[in-house]
Structure formats: structure tokens, C-alpha cells
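K.L.:
Input: one structure, supplied below.
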Amino acid sequence: MQEAGSKEVTEAQIAVHWKEEEFVNPPTKFIAQANMADPSIFERFKEENFPECYREYADMLSWDSYWHTTLDTSNPPFWRWFVGGKLNASYNCVDRHLAKYRNKAAIIWVPEPENEADEVITYQELYARVNEFALVLKEFAGLKKGSRITFHLPMIPSLPISMLSAARLGIIHNEVFGGFSAKACAERMEDSKSYVLVTCDGYYRNGQLIDKKADADITVEEAKKLGINVEKVLVWRRYPGRYLSKSEMVEGRDYFIDYLMKKFRGKRVPPLSMDAEDPLFLMYTSGSTGRPKGCQHRTGGYLAYVAGTSKYVQDIHPEDVYWCFADIGWITGHSYIVYGPLAVAATTVMYEGVPMFPDAGRPWRIAERLGVNIFHTAPTTLRMLRKSGPMEPGKYGYHFKCMTTVGEPIEPEVWKWYYNIVGKGEAAITDTWWQTENGGFLCSTVPALLPMKPGSAGPGMPGIYPVIYDEEGKEVKAGLGKAGNICIRNPWPGMMQTIWGDHERFVRQYYSKYCKDVASKDWHAWPYFAGDGAVQASDGYYRILGRVDDVIKVAGHRLGTKELENAALTTEAISEAAAIALVDELRGHVPVIYASVKPSYTPSREIELEVIANIAKELGPIAKPKAVYLVPDLPKTRSGKIMRRVLASISNSEDYGDLTTLANPDIVETIRKMVQGDKGPTKK
Ligand code: WTA
Numbered sequence: 035m036q037e038a039g040s041k042e043v044t045e046a047q048i049a050v051h052w053k054e055e056e057f058v059n060p061p062t063k064f065i066a067q068a069n070m071a072d073p074s075i076f077e078r079f080k081e082e083n084f085p086e087c088y089r090e091y092a093d094m095l096s097w098d099s100y101w102h103t104t105l106d107t108s109n110p111p112f113w114r115w116f117v118g119g120k121l122n123a124s125y126n127c128v129d130r131h132l133a134k135y136r137n138k139a140a141i142i143w144v145p146e147p148e149n150e151a152d153e154v155i156t157y158q159e160l161y162a163r164v165n166e167f168a169l170v171l172k173e174f175a176g177l178k179k180g181s182r183i184t185f186h187l188p189m190i191p192s193l194p195i196s197m198l199s200a201a202r203l204g205i206i207h208n209e210v211f212g213g214f215s216a217k218a219c220a221e222r223m224e225d226s227k228s229y230v231l232v233t234c235d236g237y238y239r240n241g242q243l244i245d246k247k248a249d250a251d252i253t254v255e256e257a258k259k260l261g262i263n264v265e266k267v268l269v270w271r272r273y274p275g276r277y278l279s280k281s282e283m284v285e286g287r288d289y290f291i292d293y294l295m296k297k298f299r300g301k302r303v304p305p306l307s308m309d310a311e312d313p314l315f316l317m318y319t320s321g322s323t324g325r326p327k328g329c330q331h332r333t334g335g336y337l338a339y340v341a342g343t344s345k346y347v348q349d350i351h352p353e354d355v356y357w358c359f360a361d362i363g364w365i366t367g368h369s370y371i372v373y374g375p376l377a378v379a380a381t382t383v384m385y386e387g388v389p390m391f392p393d394a395g396r397p398w399r400i401a402e403r404l405g406v407n408i409f410h411t412a413p414t415t416l417r418m419l420r421k422s423g424p425m426e427p428g429k430y431g432y433h434f435k436c437m438t439t440v441g442e443p444i445e446p447e448v449w450k451w452y453y454n455i456v457g458k459g460e461a462a463i464t465d466t467w468w469q470t471e472n473g474g475f476l477c478s479t480v481p482a483l484l485p486m487k488p489g490s491a492g493p494g495m496p497g498i499y500p501v502i503y504d505e506e507g508k509e510v511k512a513g514l515g516k517a518g519n520i521c522i523r524n525p526w527p528g529m530m531q532t533i534w535g536d537h538e539r540f541v542r543q544y545y546s547k548y549c550k551d552v553a554s555k556d557w558h559a560w561p562y563f564a565g566d567g568a569v570q571a572s573d574g575y576y577r578i579l580g581r582v583d584d585v586i587k588v589a590g591h592r593l594g595t596k597e598l599e600n601a602a603l604t605t606e607a608i609s610e611a612a613a614i615a616l617v618d619e620l621r622g623h624v625p626v627i628y629a630s631v632k633p634s635y636t637p638s639r640e641i642e643l644e645v646i647a648n649i650a651k652e653l654g655p656i657a658k659p660k661a662v663y664l665v666p667d668l669p670k671t672r673s674g675k676i677m678r679r680v681l682a683s684i685s686n687s688e689d690y691g692d693l694t695t696l697a698n699p700d701i702v703e704t705i706r707k708m709v710q711g712d713k714g715p716t717k718k
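Residues in the sequence shown are numbered consecutively from 35, following the working numbering.
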């Protein structure tokens, strides 16, 4: 946790002691067909050839005009990529594939109810729908280049269609993850000054029909409180012509998109030629303060980076059936369900629901039926499937050639299950480390060229030069078994441009910590601070240990402890709150809240439940704490800082170490007894 500095990264220290696993070689059958099996790639992308090496990715795209400067470093750390180049992301993901792949499936959507038919959208059909909806945005909603639009959409095909329609006209989209609350959506609308909300009537999740339009009504109300008048709510219907929601449509504000699109049936709107540096989308994510930050991604660099990595790491060929089992409301979905795969003419599979509906065989039935041969998902999904149906994959006749994992460290045991049981020993695995801020993979093996190592992400990607620094900025060398803060020494095209509306925070958050010279215009002076702890083995592979700041990863999703605490404090009875991460077998971590009540209140189960309900309301169901402890006082330093680290150690039954800096050390034992009962003090 932040206040204690890197020396207190307890989890990191535990993970450092994992034993190094043996290398596993990729299958020869995979190597024989891989897009990138030529080791000279490492030569081409080495530092001497930077930044021009990135031409290789940018050349995978179709440019309206070619760029004159690959990397402009004149305003550090606001790097500019492919300056002077012009292109359109929607054109690159749709139009340009028509000549060759018109009748090929672009998107295959699998509804959660198993008796419902899949929806297969060819490139031609995608082209038609994207044009028609783009016209709705332009002609009906009056949006234009640079306008922001907010989507609060679940995993239905209308989501990628909405993204590509906005991108066609340079409208900056801002998709809010479906598991976030209406209020969280309103806050993101306010921050991005967005006046049009795109939602849907309903969708299925875990067998339940969720009323999404009802959420939109709350978003509009909440946005109003923040000074945003939502002018239009555009509603996709899951079954065109049939309305699933109980919420009434408000005249003059709410419109059915299928109805609006009829007017533009068969009409086309040309893709707008965008500067490479024009923003493509915003994606909000949690950081160490209460306010989520809008990561602003650029058009040219981002698209080049996701296309390049989709081709070389995910090994997508147009004839593959590729399934990234993640949510588009997460950066993984933006980069590796929509933009990357479609840029390389993939068939990308989308699934509406949860992994285990109706049982742990579901993903493997989908894979078998659709002939999926590339599979990408998060450790949390794998842990769940492994627990409920460890032998299920063997019952289905699919064959994966490669698989990837993302979002959290994967335990070697889970990795081995992934490799042997899910992959049937036939697939190469890449463990891809990166972040919302980064656009695409930072550390990973290139699957046909390097062996895999369970639990390790691998070396930096071609063109990415990582380094580990200690708190003082001294390099922590490979092979020492010591953890430090992983940084990237160089700029790369997928990196976000800035935090929407807050350039100063962008610099402070990612660059101030290790900047060597603020006056320097040389990129070497500006390492990117990722906020993760890592250790590098002597073979050069990095093992990522988890966040070093106040961010908790819950089932792969990022939540800020400050956001959780602010949400807990909306409870009338609560005077102070601290959020910590409890290690969880399936979800990686789950939040736990420690709080004290105001003097006029007595702790009660009702107050605990109220805290849980308020967190769900403020942030969304994903953020619900596993437990709330109403304690007499929180452990604090003499300067009044809450020692979350001590609370985390109590919850996780770890040794809480030195308490001498606390102003109220006695409270620790009281809290420990409340949480752990009457056994003696915890030791590891
Ligand atoms: C963690 C997700 C270990 C890390 C793309 C990072 C990982 C945070 C891995 C970003 C991995 C992501 N191994 N940890 N392969 N991939 N992480 O922004 O802590 O949702 O900082 O982006 O996830 O989460 P975000």
C-alpha cells in the first residue's frame, strides 16, 4: 500500500519466493503456421532501430496519407506518433476488408440463453450497420468530430457496431463497463462532457434478464445533479421491434435505434480521414485518487499497436476463429475483441454471458461448435472454470492453437491446467501484461519464438524496453530475486495520449516518479511508471507481482481503494473507512471494508448492509465488499494516515509486522480478534 512505500509490498515479497518454473516449448505445429516465426523481429525492434521499428505495425494499416514523423518528442511526455499521417479506424476495421472478405463472418455473437441462435455478422453486414448507425449519430444526434458519446452497453453486437460508427466520424466514444453503476456512468459523462447516452433495453446475465434501460434513467438523473443535461438516450433493442424493459421511454429524450436506423437503411457515410493523433476513445479506469481517470487513446498509434500485437502475439489469421472471452467494457475488449482483431480481418467471437451459465462446460461447447482455435481470457475466469469443471474441456472436441491470459498474475498451477486440460497440450500460451493506459501488450513472449514459463509474462514485447527501479530510482538487475517497480523506458504507439482534461495528472501519475530531467526532450529521460511490482529472472523474463498503489484488482477489474472508501462514506452512520484487498481463491482479490461509526451510532448488521448497498449503488455490483467490519477505531500513524497495510494483513492472516509507528497500536489486537476470533496473533 502506498503510505508504506515499496518495502511494504507484502504480496510482492511472497511471490518473489515462488520457485522459478521450467520453460515449456511451443508446439511445432503452431510454429509451422505462426504469423511471426522469424527471430529477426528481435533485431528489427531493438533499441538502435527505435522508433522506426514501429513502421512495421503501422504498415499493417491502410493510411489515407502517410506520416512524415514516426515519433515526435518535442513536448515530453506527450509523445506524438505517426505525425502527419491520416487514417480512419472504422475504415481499417471494416471497409478495407470488403473486397476480399465481404461474406466472411466479422463478428459471431453467442447469446447467453443456450436455446437462442447465434448472430453471425459478415463484414458486409457490419459495414451496412456501421454506416446506418453512424448516420443516426450524425444526422439525428448531431454529433461530429471531437464530440464525446457515452455507451453503457453489455456484451451485445450493438456495442462494437456503436464503437465503429462513432470512430467512422471521429466521435470520441466512452464505453462504461456494464458492471459499473448508473452513477459511475453519470460521473464519466460529466467528466467527458458527454450529452448522448447509448444503452440497450436488456440483456441476459447468469440466466437473468437485466433491465438496462432502467439504469439509463438513473444515469440521466445522476448526470443532472452533476450539471449534465443528457439530451438523448439512444436505446438498442436486443430483439428489434420488441421492448424488454419496464422503464418508459421519455418522449423527446429516448429513442429506439432500430427505429431511427430505418430512415437510413442502405445509406452510406464516408469515413472521416482523421489525424493519427486525433483521439479515438476514452476509457476510464481507477487510480490512487477517488476520481477515475479518462485514458485518452489516439487513432493511429493505438490502431497500429493493436493490429501488430493481434497479428504477432495472438497469431490471428483471417481464417482463424478467434475468441477473446472478456468484456468490451474493459480495455482488453476494446483492443482484443474489437479493434485489433477486426483490423486484421479476424472472425471475432463475442459471448453475452457469464462463464458458468448454465454449467462449466459452456465455454467449451461454444468453442467446439464455432470451431474456435484462438482463445484469450483472464485468470479469474480460468480459476472459476477449473474449480467447477476441471475435466470439462476434455469432453469437447475443439482444438486451440494458441491461448492467452491477461489481467492478473496467473498462478503456475492454474497455468498448467490451462495448458494441459484447456489447451490439451496442443496450444502455445502467452501471458500478456499491460494496462488500460497502454493500449496493448507490454510484456509477453512472441509465441512461436520464445518458450513459455508458467507464472511469468515473459520479456518486454519487441520494441518495449522495460526496467525495474527501486524506490530510489536505482535499477534492480535481473536474477537478484528482488522486486521493484516495473517501468518502460521508451514511448510506444499504443500508450495513451493523456488523461482526458488533466494533463498535469498524467505527468504526475506516470512520469514524475522516475523522470531524470524534466527539461529533457530526449525520451530516455522519461521512463513510464506502471504502478506494478515485478521481479526479473536471470533469463530476462518478468514476473508481475501486482499493484504497488491503491488499486485493487477484483476478478480482473480495477477498483481504487479511495473510490471504495468514498462510496462507503456515503453511508450516514460512517465516519471513517478503509478499503483493503482480501486474497480470494477465484476472483484474485475482493474488497473488504473497515469502518468506524459516528459517535451517535452503534455498530449494527444494518449499517454493514447499508455500506454494502451503497458501494454497489455508487460503483456497481462488481465492487461489493466481501465483508464490512465496524471497528472502534482504525489503526493510524501519528500523522493520522490510516494504515491499510495492517488491516490487509489481518484480513489475510499475515504477520502485520512492526507497529511502532502507530499512534494507537492497541487497536490492532482488538480488530484482529474481531476478524480472526480468539486464536493467538498471526504469523505467516
Ligand atoms: C494487472 C488490463 C500480471 C497489473 C489489461 C496491471 C497483470 C493491471 C497482467 C492493469 C498479467 C494485467 N500478469 N498482472 N499478465 N495483466 N495485470 O488496466 O496489475 O484493467 O497494472 O488492464 O492488471 O489492469 P487494467
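Every residue, glycine too, gets a C-beta built ideally from N, C-alpha and C.
The model shown is predicted, which means the values in this text are computed figures rather than measured ones.
1. Between which residues of its own chain and L132 is the CB-CB distance below 7 Å, once the five residues before and five after are set aside?
2. Here's the rule I'm using: 16 or more other beta-carbon atoms within 10 Å means buried, otherwise exposed. How should K172 be labelled?
3. What is the rounded straight-line gap between the Cα of R639 and the Cα of E447?
4. Take the Cβ of R542 as the centre, count every other Cβ of all protein chains shown within 10 Å, and call the residue buried at 16 or more, exposed below.
5. Nearest by alpha-carbon distance to Y356: which of M486, W143, W449, R679 is it?
6. Alpha carbon to alpha carbon, how far is S108 from R239? Give it in angstroms, no decimals.
7. Below 8 Å, can you find three or more Cβ-Cβ pairs linking the stretch 590-597 to the stretch 649-664?
8. Determine whether the beta carbon atoms of I444 and Y453 lie at a separation below 8 Å.
9. Which first and last residues belong to the alpha helix (DSSP H) in which H623 is found?
10. Rounded to whole angstroms, what's the CA-CA distance from T671 to A394? Just pull it up for me.
11. Under 8 Å by Cβ, that's how I've got C358 and H410 pegged, so tell me the actual separation to the nearest angstrom.
12. Helix, strand or coil for V406? Go by DSSP, reduced to three states.
13. Would I362 pass as a contact of V378 if the rule is Cβ separation under 8 Å?
14. Is any non-hydrogen atom of the ligand WTA found closer than 7 Å to the C-beta of C618, if you look at the structure I gave you?
15. Are the Cβ atoms of E758 and F391 separated by less than 8 Å?
16. Under the three-state reduction of DSSP, which class applies to H537: helix, strand or coil?
17. CB P352 to CB F64, shorter than 8 Å?
18. Could you have a look at K53 and say whether DSSP puts it in helix, strand or coil?
19. Grab the span of the beta strand (DSSP E) containing M319 for me, first residue to last.
20. Any heavy atom of the ligand WTA inside 7 Å of the beta-carbon of Q469?
21. Of all the CB atoms in chain B, is at least one closer than 8 Å to the CB of E82?
22. Give the secondary structure of C549 by DSSP, where H, G and I count as helix, E and B as strand, and everything else as coil.
23. Do you know how far the Cα of A559 is from the Cα of V552?
24. Since T414 and A589 are thought to touch, with beta carbons under 8 Å apart, how far apart are those beta carbons, to the nearest angstrom?
25. Give the DSSP-derived three-state secondary structure of L419 in the structure shown.
26. Determine the closest residue to N126 out of P485, T636, S96, with distance taken between C-alpha atoms.
27. If I measure Cβ to Cβ from E42 and keep anything under 6 Å in the same chain, skipping five residues before and after, which residues do I get?
28. Roughly how many angstroms lie between the CA atoms of D700 and V662, to the nearest whole one?
29. Give the C-beta separation of T343 and G497 to the nearest angstrom, bearing in mind that I take them to be a contact with Cβ-Cβ under 8 Å.
30. Taking the alpha-carbon of I646 as reference, which of V624, T333, D667 has the nearest alpha-carbon?
31. In the DSSP assignment, the beta strand (DSSP E) including L681 goes from what residue to what residue?
32. Quick one: what does DSSP say S124 is sitting in, helix, strand or coil?
33. Which whole-angstrom value describes the C-beta separation of I533 and K327, a residue pair presumed to lie in contact below a C-beta threshold of 8 Å?
34. Is the beta carbon of G335 less than 8 Å from the beta carbon of P500?
35. At a cut-off of 7 Å, is V440 close to the ligand WTA when judged by its beta-carbon and the heavy atoms of the ligand?
36. Assuming contact is defined by CB atoms lying nearer than 8 Å, are D566 and R581 in contact in what I supplied?
P.N.:
This is what the structure holds:
1. Y157, Q158, Y161
2. buried
3. The alpha-carbon atoms of R639 and E447 are separated by roughly 38 Å.
4. So R542 ends up on the exposed side.
5. When only C-alpha atoms are compared, the closest one is W143.
6. 48 Å
7. yes
8. no
9. Counting along the chain, H623 falls outside any alpha helix (DSSP H), though it belongs to the beta strand (DSSP E) covering 622-631.
10. Between T671 and A394, the C-alpha separation is close to 47 Å.
11. So it is a contact: roughly 4 Å between Cβ atoms.
12. coil
13. No.
14. A small correction: the amino acid at residue 618 is Asp; Cys does not occupy that position in the sequence shown. For D618, the shortest separation between its Cβ and any heavy atom of the ligand WTA does not lie below 7 Å.
15. Since the first and last residues shown for the chain are 35 and 718, residue 758 lies out of range.
16. helix
17. no
18. coil
19. Note that residue 319 is Thr in the sequence shown here, rather than Met. First-last of the beta strand (DSSP E) with T319: 313-319.
20. Checking the 7 Å criterion, the Cβ of Q469 is within range of a heavy atom belonging to the ligand WTA.
21. Although the question refers to chain B, the structure presented lacks it and comprises just one protein chain.
22. coil
23. Distance between V552 and A559, taken at the CA atoms: about 8 Å.
24. About 4 Å; that satisfies the 8 Å criterion.
25. helix
26. S96
27. Caution applies to E42, whose pLDDT of 45 falls short of 50 and renders its modelled position unreliable; the value that the coordinates give is listed next. These residues qualify, in order along the chain: R679.
28. 20 Å
29. Actually they do not touch by this definition, with Cβ atoms about 10 Å apart.
30. V624
31. Premise fails: L681 lies in the alpha helix (DSSP H), 678-685, not in any beta strand (DSSP E).
32. If DSSP states are grouped into helix, strand and coil, S124 belongs with the helices.
33. Indeed they touch by this definition, with Cβ atoms about 5 Å apart.
34. no
35. Proximity of the beta carbon of V440 to the ligand WTA is indicated: a heavy atom of the ligand is located closer than 7 Å.
36. yes
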